[in-house]
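According to numbering that gives the first Met the number 0, the sequence shown is numbered sequentially starting from 0.
Accompanying notes for the structure given below.
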Amino acid sequence: MTKIRFLHIADLHLDSPFKGISAIPQNRWKDIRESTFQAFTNVIDYAIESKPDFILIVGDIYDGENRSLRAQHLFQKGMEALQTEGISVFISYGNHDHLSGNWVRFQLPNNVQVFQEEVETKRLTVKGNTVHITGFSYKERHVREAMHSFYPVANGQDIHIGMLHGSVEGNDEHSVYAPFRKSDLIDKGYDYWALGHIHKRQILHDEPPIIYPGNTQSRHRNESGLKGFYEVSLTKGHVDLQFIPSSAFIYDKIEVSCEGIIHANELITRIEESLKMYSESNGNAIIELTLTNIENDAEELLQASTKEEWLSIIQESLSAENHFAIVQQLKFDLPKETIKEAEMIMQMIEEWSTSNWKHALKELYQHPKGSRYLDPIEKEFIKETIQEVDQLLTKVVTQRRE
Numbered sequence: 000m001t002k003i004r005f006l007h008i009a010d011l012h013l014d015s016p017f018k019g020i021s022a023i024p025q026n027r028w029k030d031i032r033e034s035t036f037q038a039f040t041n042v043i044d045y046a047i048e049s050k051p052d053f054i055l056i057v058g059d060i061y062d063g064e065n066r067s068l069r070a071q072h073l074f075q076k077g078m079e080a081l082q083t084e085g086i087s088v089f090i091s092y093g094n095h096d097h098l099s100g101n102w103v104r105f106q107l108p109n110n111v112q113v114f115q116e117e118v119e120t121k122r123l124t125v126k127g128n129t130v131h132i133t134g135f136s137y138k139e140r141h142v143r144e145a146m147h148s149f150y151p152v153a154n155g156q157d158i159h160i161g162m163l164h165g166s167v168e169g170n171d172e173h174s175v176y177a178p179f180r181k182s183d184l185i186d187k188g189y190d191y192w193a194l195g196h197i198h199k200r201q202i203l204h205d206e207p208p209i210i211y212p213g214n215t216q217s218r219h220r221n222e223s224g225l226k227g228f229y230e231v232s233l234t235k236g237h238v239d240l241q242f243i244p245s246s247a248f249i250y251d252k253i254e255v256s257c258e259g260i261i262h263a264n265e266l267i268t269r270i271e272e273s274l275k276m277y278s279e280s281n282g283n284a285i286i287e288l289t290l291t292n293i294e295n296d297a298e299e300l301l302q303a304s305t306k307e308e309w310l311s312i313i314q315e316s317l318s319a320e321n322h323f324a325i326v327q328q329l330k331f332d333l334p335k336e337t338i339k340e341a342e343m344i345m346q347m348i349e350e351w352s353t354s355n356w357k358h359a360l361k362e363l364y365q366h367p368k369g370s371r372y373l374d375p376i377e378k379e380f381i382k383e384t385i386q387e388v389d390q391l392l393t394k395v396v397t398q399r400r401e
């Protein structure tokens, strides 16, 4: 049997609003807001270059049910470019871009086949293979029904592919729509399950392959790492998967050591060099930067200015160097001694007697006007004060670490 080759794509979320970009320099906002469009362009460019037999797009092409005119126009142009190359595309709409939305209608070119709200199977012949592709589009945003139950069981020697925008039953990491169990999909006898909805790349099962490609572009720091899609080479009983990155940029975490740092310019140069090396290996990125190995000199240096000032000067420095490595968040991994100081304070006051408390608060309680508003120094007062000191020290240490 001749091998077929296709692209498995999901969750483009074109025109998605981005979260948490207020801490990013304004001159970078446009690049970030355009990133879902750039990721889609990267997908189309790869398809034109690699010429797969067909493409599957498994839901949430658009981020909202009221699809923007610009997003639809871009998608239309992409489909027309694929039609010029003779590449067929199969689309199912998901919970974000369901069929009940209100939008300006575009007529997609003839190479595109769209699944409707009822489960249906589309057939095509590829290199002598009969391929059955089964799927559906969301009629409305909330599809709670186990839609896999309507998918037909595979028959014989043909290749069967299921497109399903949904989530594993009981998954508490994401809204559960069109729920399924792995055993439900395995029992259908399909050769490949092309999933969508979960934005994390996952291989739920090997034989048959049950695959989430993840989304094509990160939209906030909880969607870290490379994003993209799968190129799938499939024969009856065998599959080869190749992950293809498509991100315009990625979210990631980086640590930079402050060992030996005394002066501010040394620290800024070290950060620039570290992020330059990262960008050369990984491309454009939005970074959560943690400074580690903070010795006494470096700790004094960092505490001489606010964290906001440090973040601002690092961002300006990177921008001047034309890096698309943006530091969105800055954290300080302070030495254990800082935490030990807080622990020592707590241990000391917990061992104080009532007379120690009275001596420590003597001036406050002798104030001619304020003292009458204070509670007497008794067991309950001491207990509540210790709790407040503990909360305050925890807050201070946490802020300094972050």
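Glycine included, each C-beta is placed from N, C-alpha and C at the ideal position.
If I measure Cβ to Cβ from residue 208 and keep anything under 6 Å in the same chain, skipping five residues before and after, which residues do I get?
Closer than 6 Å at the Cβ level, and outside the excluded window around residue 208, lie 191, 238.
What does a CB cutoff of less than 7 Å around residue 306 pick up in its chain, not counting 5 residues either side in sequence?
329.
Determine, using beta carbons only, whether residue 195 and residue 164 come nearer to each other than 8 Å.
Yes; because the gap between Cβ atoms is below 8 Å, this pair is in contact.
Counting Cβ pairs, one atom from each stretch, are 3 or more of them under 8 Å apart for the region 254-266 and the region 223-239?
Counting Cβ pairs under 8 Å, fewer than three are found: no touch.
Where residue 380 sits in the DSSP three-state scheme
It is helical.
Can you find the residues in the same chain that come closer than 8 Å, C-beta to C-beta, to residue 278, ignoring five residues on each side of it along the sequence?
Within the same chain, and ignoring the five residues on either side of residue 278 in sequence, the residues whose Cβ sits closer than 8 Å to its Cβ are 284, 322, 323, 324.
By the three-class DSSP mapping on this structure, what secondary structure does residue 191 have?
Correct three-state label for residue 191: strand.
Going by DSSP, what residues sit across from residue 214 in a beta bridge?
In DSSP, residue 214 forms no bridge with anything.
Specify the secondary structure class of residue 116 as computed by DSSP and reduced to three states.
It is coil, neither helix nor strand.
Three-state secondary structure (DSSP) of residue 181:
When secondary structure is reduced to three states using DSSP, residue 181 falls in the helix class.
Between the Cα of residue 331 and the Cα atoms of 349, 292, 352, which residue gives the shortest distance?
When C-alpha distances from residue 331 are compared across 349, 292, 352, the shortest belongs to 292.
Give the DSSP-derived three-state secondary structure of residue 70 in the structure shown.
Helix at residue 70.
Which same chain residues, not among the five before or five after residue 107, have their C-beta less than 6 Å away from its C-beta?
78.
Inter-stretch contact (C-beta, 8 Å, three-pair minimum) for the region 73-88 and the region 37-47
With a cut-off of 8 Å, the region 37-47 and the region 73-88 count as touching, because enough Cβ pairs lie within range.
Roughly how many angstroms separate the alpha carbons of residue 57 and residue 300, rounded to a whole number?
Near 51 Å, if we compare the C-alpha coordinates of residue 300 and residue 57.
For residue 437, count neighbouring Cβ atoms within 10 angstroms of its own Cβ and tell me buried if that reaches 16, exposed if not.
Here the chain has residues from 0 to 401 only, and residue 437 is not among them.
Pull up the distance between the alpha-carbon of residue 439 and that of residue 289, whole angstroms please.
Outside the displayed range of the chain (0 to 401) lies residue 439, so it cannot be described from this structure.
What are the boundary residues of the alpha helix (DSSP H) that residue 314 is part of?
First-last of the alpha helix (DSSP H) with residue 314: 306-319.
Which runs of the beta strand (DSSP E) fall wholly inside the region 137-170 and span at least 3 residues, in chain order?
For the region 137-170, whole beta strand (DSSP E) runs of length 3 or above, ordered along the chain, are 158-164.
Can you give me the start and stop residues for the alpha helix (DSSP H) that residue 36 sits inside?
Start and end: 34-49.
Is the region 26-42 touching the region 239-246 in the sense that three or more CB pairs, one from each, lie closer than 8 Å?
A contact exists between the region 239-246 and the region 26-42.
From which residue to which residue does the beta strand (DSSP E) around residue 131 run?
128-134 is the extent of the beta strand (DSSP E) around residue 131.
Locate the alpha helix (DSSP H) running through residue 61, then write down its first and last residues.
Run containing residue 61: none; DSSP gives neither H nor E here.
Look at residue 94 and residue 140 and say whether their C-beta atoms are less than 8 Å apart.
Yes, these two residues count as a Cβ contact at 8 Å.
Do the CB positions of residue 402 and residue 223 come within less than 8 Å of each other?
Shown here, the chain extends from 0 to 401; a query on residue 402 therefore has no answer.
For residue 70 and residue 14, which I take to be in contact (beta-carbon distance under 8 Å), what is that distance rounded to the nearest angstrom?
Contact between residue 70 and residue 14 is confirmed by a C-beta separation of about 4 Å, below the 8 Å threshold.
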